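Per UniProt numbering: the sequence shown = residues 6 to 234.
Cβ coordinates follow ideal geometry from the N, Cα and C atoms, glycine included.
All values derive from a computational prediction rather than experimental measurement.
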Amino acid sequence: DPVKLSKQEVGKAAAALVQSGSIVGLGTGSTTAYAIEFIGDRLKSGELKDIVGVPTSFQAEVLAKQYGIPLTTLDAIDHIDIAIDGADEVDPQKNLIKGGGAAHTREKVVDYLASRFIVVVDGGKLVDRLGSVFPVPVEVIPMAVTPVTLALKKLGGKPELRMGVKKAGPVITDQGNMVIDVKFDTIDDPENIEKILNNIPGVLENGIFVNCADVVLVGEVKDGQPVVR
Ligand code: DER
């Protein structure tokens, strides 16, 4: 499967950037899962030493424990050297839409704190303009879902409450909130819409990440071979 191959390759490339002694932000999603696995492999081989991870979700926490990456919290550290995380869309200015895994609230805290934020995506995530394919995930406190839905419609969005797949009813985030995915026809000014969304009473965090990504690693398959650029 070329997409899986691309994700594995780009996860490995990101894991190779982690230096011994680092504090590492551990992202969420299937691509970052490979990076976490390969960081674990490097620790096991002894090639990488003395790192601690800050997870961005229960998923990252479970994977870090599975692959032997020691964990810490934001109360115990004063900086993050490198964060590795995925994205649902990347535009030419390295602005992102994240939140496909409903983890964007903790991801945004960790990814913005990191001195170096490495985004790992397969080629299918690249877009000319944010919002072309993926709706913007918005984490909302449950009591405000209806007024926030109304406010998003007034902004010209098409909001939809995210329902669970292996869970009946709405998705519940790691913070105990719900997620509304809102599709906009065009997002011409991501920086501005990001501020507007977070200013709606009841909204905790949205999945637009501007001026945050330092490096975007793109995994693709060319002539059957995985390449990373
Ligand atoms: O939830 C997130 O922001 C994740 O990073 C996600 O959007 C990317 O997940 P994927 O690597 O499984 O596509």
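request  = Please specify which runs of the beta strand (DSSP E), each continuous and at least 3 residues long, are wholly inside the segment 139-191, giving them in chain order.
outcome  = Secondary structure in the segment 139-191: the beta strand (DSSP E) runs of 3 residues or longer, each lying completely within the stretch, are 141-145, 163-166 and 183-188 in chain order.
Minimum length 4: unbroken alpha helix (DSSP H) runs contained in the segment 22-109 = Entirely contained in the segment 22-109, the alpha helix (DSSP H) runs reaching 4 residues are, in chain order, 35-50 and 63-71.
ask   = Closest by CA to residue 123, which one among 195, 101 and 228?
value = Here residue 123 refers to the residue found at position 118 of the sequence shown. When C-alpha distances from residue 123 are compared across 195, 101 and 228, the shortest belongs to 101.
ask   = Taking only beta-carbon atoms, is residue 178 less than 8 Å away from chain B?
value = No chain B is part of this structure, which consists of one protein chain only.
ask   = Within the present structure, is the beta-carbon of residue 108 separated from the nearest heavy atom of the ligand DER by less than 7 Å?
value = To locate residue 108, count along the sequence shown from 1; it is residue 103. It does: the Cβ of residue 108 is within 7 Å (strictly closer) of some heavy atom of the ligand DER.
query = Around the Cβ of residue 36, are there at least 16 other Cβ atoms within 10 angstroms (buried) or fewer (exposed)?
reply = By one-based count along the sequence shown, residue 36 stands at place 31. Buried.
ask   = Is there contact here, the segment 75-89 with the segment 184-199, by at least three beta-carbon pairs under 8 Å?
value = No, because fewer than three Cβ pairs between the segment 75-89 and the segment 184-199 fall closer than 8 Å, the two stretches do not touch.
ask   = Which value, in whole angstroms, describes the spacing of the CA atoms of residue 223 and residue 203?
value = In the sequence shown, counting from the first residue as 1, residue 223 sits at position 218. In the sequence shown, counting from the first residue as 1, residue 203 sits at position 198. Computed Cα separation, rounded: 29 Å.
query = At a cut-off of 7 Å, is residue 178 close to the ligand DER when judged by its beta-carbon and the heavy atoms of the ligand?
reply = Here residue 178 refers to the residue found at position 173 of the sequence shown. Residue 178: no, Cβ never under 7 Å from the ligand DER.
ask   = Do residue 186 and residue 147 come within 8 Å of each other at the CB atom, strictly closer than that value?
value = In the sequence shown, the residue the question calls residue 147 occupies position 142. In the sequence shown, the residue the question calls residue 186 occupies position 181. Result no, Cβ atoms of residue 147 and residue 186 do not sit closer than 8 Å.
query = Would DSSP call residue 206 helix, strand or coil?
reply = Position 201 of the sequence shown holds residue 206. Annotated three-state conformation of residue 206 is coil, per DSSP.
task = For the beta strand (DSSP E) holding residue 1, just list the boundary residues, first then last.
result = No answer is possible for residue 1: the residues shown for the chain start at 6 and end at 234.
message = Taking only three categories from DSSP, how would you classify residue 232?
response = In the sequence shown, counting from the first residue as 1, residue 232 sits at position 227. In the structure shown, residue 232 falls within a strand segment according to DSSP collapsed to helix, strand and coil.
query = Which residues bound the beta strand (DSSP E) around residue 224?
reply = Translated into positions along the sequence shown, residue 224 becomes position 219. Unbroken beta strand (DSSP E) run through residue 224: 220-227.
request  = Could you tell me whether the segment 96-112 touches the segment 167-186, where touching means 3 or more Cβ pairs closer than 8 Å?
outcome  = In this structure the segment 96-112 touches the segment 167-186; the number of beta carbon pairs closer than 8 Å is three or more.
ask   = Count the other CB atoms within 10 Å of the CB of residue 56; is the residue buried (16 or more) or exposed (fewer)?
value = The count along the sequence shown starts at 1 and reaches residue 56 at position 51. By the Cβ-count criterion, residue 56 is buried, with 16 or more other Cβ atoms from all chains shown falling within 10 Å of its own Cβ.
request  = Would you kindly work out how many angstroms separate the C-alpha atoms of residue 29 and residue 145, rounded to a whole number?
outcome  = Taking the first residue of the sequence shown as 1, we reach residue 29 at position 24. Taking the first residue of the sequence shown as 1, we reach residue 145 at position 140. Rounded to the nearest whole angstrom, the CA to CA distance from residue 29 to residue 145 is 28 Å.
request  = Run the CB neighbour count on residue 2, radius 10 Å, all protein chains shown included, and call it buried at 16 or more, exposed below.
outcome  = Because the chain spans 6 through 234 in this model, residue 2 falls outside it and cannot be assessed.
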